[in-house]
Amino acid sequence: MRAEADGISEGEFTRFQALMQRVAGIHLPTSKKSLVSGRLSKRLRARGLGNFGDYYRHIVGGSDPAELQTAIELLTTNETYFFREPGHFEFLAREVLPEARPGAAFRVWSAASSTGEEAYSIAMVLMDRLGTSAQWEVFGSDINSRVLDLARTATYPTARNEECIPPDYRRRFCLRGTGGMAGKLRVDAAVRERVRFAQINLNGDLKGAGEFDVIFLRNVMIYFDLDMKRRVAAALHRQLRPGGWLFIGHSESLNGVSGQFQPVRPAIYRKELAA
Ligand SMILES: C[S@@+](CC[C@H](N)C(=O)[O-])C[C@H]1O[C@@H](n2cnc3c(N)ncnc32)[C@H](O)[C@@H]1O
Numbered sequence: 058m059r060a061e062a063d064g065i066s067e068g069e070f071t072r073f074q075a076l077m078q079r080v081a082g083i084h085l086p087t088s089k090k091s092l093v094s095g096r097l098s099k100r101l102r103a104r105g106l107g108n109f110g111d112y113y114r115h116i117v118g119g120s121d122p123a124e125l126q127t128a129i130e131l132l133t134t135n136e137t138y139f140f141r142e143p144g145h146f147e148f149l150a151r152e153v154l155p156e157a158r159p160g161a162a163f164r165v166w167s168a169a170s171s172t173g174e175e176a177y178s179i180a181m182v183l184m185d186r187l188g189t190s191a192q193w194e195v196f197g198s199d200i201n202s203r204v205l206d207l208a209r210t211a212t213y214p215t216a217r218n219e220e221c222i223p224p225d226y227r228r229r230f231c232l233r234g235t236g237g238m239a240g241k242l243r244v245d246a247a248v249r250e251r252v253r254f255a256q257i258n259l260n261g262d263l264k265g266a267g268e269f270d271v272i273f274l275r276n277v278m279i280y281f282d283l284d285m286k287r288r289v290a291a292a293l294h295r296q297l298r299p300g301g302w303l304f305i306g307h308s309e310s311l312n313g314v315s316g317q318f319q320p321v322r323p324a325i326y327r328k329e330l331a332a
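For the sequence shown, the numbering used here begins at 58 and goes up steadily by one.
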């Protein structure tokens with residue numbers, strides 16, 4: 058049956074739903090039908106295909122992996138901004154960093170970093186509290202390679218972001234664009250150089266990322282089905298050092314997902330210290 062308003066039939070939508078679940082662990086509820094059709098319709102035209110069924114067969118056929126990646130990227134939600142949910146950054150500065158082991162490298166993972174604002178917000182706090190002489194780094198990753206390309210530029214529209222960055226950090230860690238860069242701000246080199254990005258699908262093997270003191274997994278679990286939430290929570294638990302911290306979004310919870318972490322505050326969890 059074809060739903061005229063959406064241009065995508067129930068059967069076609071079900072196939073894209075299953076594909077997103079299989080590849081990214083993302084659950085697309087039926088309410089997202091118009092979104093799927095709206096975001097993918099220009100790709101059908103770009104590939105000269107007449108309907109969503111043909112486009113589905115094209116991307117799962119294996120002959121065009123880049124188009125499969127494009128479709129997945131178009132179906133992810135990438136909204137983010139600097140110092141989102143600011144209490145987490147205050148907690149990081151006040152409670153977590155004073156406990157950093159002297160002399161040891163301090164590693165933080167922004168595990169669904171989108172365009173990088175979260176990773177650079179963390180890095181500004183670490184630069185402020187740990188300084189340039191300490192060994193620390195921030196690792197940002199996302200399934201979407203297009204947002205990671207933007208993250209690597211560390212350049213953002215001033216109007217949308219300036220207000221979110223604390224004035225002191227803005228002055229110390231951000232450059233204001235002039236000339237051709239007017240209206241843009243760039244995170245300064247000293248902070249930028251401590252942040253690196255790589256494409257990682259949380260639905261895959263996460264061991265390669267290494268061990269972390271803190272992991273931010275914010276505003277991404279809401280898109281996952283329960284099984285995926287459980288697998289990701291267990292995998293990230295393994296990647297945290299004993300006593301390490303997990304921050305999730307304030308609209309998310311580990312209730313019914315994982316009993317491995319100690320709840321500390323709403324949306325803040327800790328891995329037990331080794332006995
Ligand atoms: C709404 S953004 C959240 C950004 C940031 N963490 C924040 O809280 O502002 C969600 C991000 O999760 C990414 N994402 C979705 N599924 C993913 C997966 N399976 N593996 C890695 N990243 C994923 C999306 O590409 C998107 O950039």
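C-beta atoms are modelled at their ideal positions from N, C-alpha and C, and glycine is treated no differently.
Residue i, buried or exposed, once every other Cβ within 10 Å from all chains shown has been counted against 16
i	result
residue 285	buried
residue 328	buried
residue 180	buried
residue 283	exposed
residue 238	exposed
residue 90	buried
residue 62	Because residue 62 carries a pLDDT of 45, less than 50, the predicted location of this residue cannot be relied on, and the following value inherits that uncertainty. Label assigned to residue 62: exposed.
residue 69	buried
residue 160	exposed
residue 276	buried
residue 152	exposed
residue 59	Per-residue confidence for residue 59 stands at a pLDDT of 45, beneath the threshold of 50, marking its modelled position as unreliable; no derived number is given.
residue 87	exposed
residue 108	exposed
First and last residue of the uninterrupted beta strand (DSSP E) at residue i
i	result
residue 212	212–214
residue 241	241–244
residue 275	Counting along the chain, residue 275 falls outside any beta strand (DSSP E), and DSSP gives it neither H nor E.
residue 301	297–305
residue 325	325–328
Distance CB(residue i)-CB(residue j) smaller than 7 Å
i	j	result
residue 296	residue 330	no
residue 272	residue 168	yes
residue 292	residue 315	no
residue 176	residue 195	yes
residue 240	residue 215	yes
residue 171	residue 139	no
residue 173	residue 208	yes
residue 206	residue 230	no
residue 270	residue 146	no
residue 184	residue 252	no
residue 250	residue 298	no
residue 80	residue 129	yes
residue 116	residue 106	no
DSSP state of residue i mapped onto helix, strand, coil
i	result
residue 317	coil
residue 140	coil
residue 190	coil
residue 167	strand
residue 58	Residue confidence is low: residue 58 scores 42 on pLDDT, short of 50, so the model does not pin down where it sits. Its coordinate-derived value is still stated next. Here residue 58 sits in coil by DSSP.
residue 129	helix
residue 91	helix
residue 262	coil
residue 232	strand
residue 198	strand
residue 26	Since the first residue shown for the chain is 58 and the last is 332, residue 26 is missing from the structure and cannot be characterised.
residue 104	coil
residue 357	One cannot answer for residue 357 here, as it falls past the ends of the chain, which runs 58 to 332.
residue 185	helix
residue 225	helix
residue 151	helix
heavy atom of ligand 1 below 6 Å from residue i C-beta
i	result
residue 218	no
residue 310	no
residue 275	yes
residue 282	no
residue 201	yes
residue 178	no
residue 147	no
residue 141	yes
residue 346	The displayed coordinates of the chain run from 58 to 332. Any statement about residue 346 would go beyond what the structure contains.
residue 137	yes
residue 263	no
residue 127	no
residue 190	no
residue 211	no
residue 293	no
residue 55	The question about residue 55 has no answer, for the chain in this structure spans 58 to 332.
residue 91	no
residue 169	yes
Range of the contiguous alpha helix (DSSP H) that encloses residue i
i	result
residue 70	67–81
residue 280	Unbroken run through residue 280: none, as it is neither H nor E.
residue 114	109–117
Test: residue i CB closer than 7 Å to a CB of chain B
i	result
residue 69	Here there is only one protein chain, and chain B is not present.
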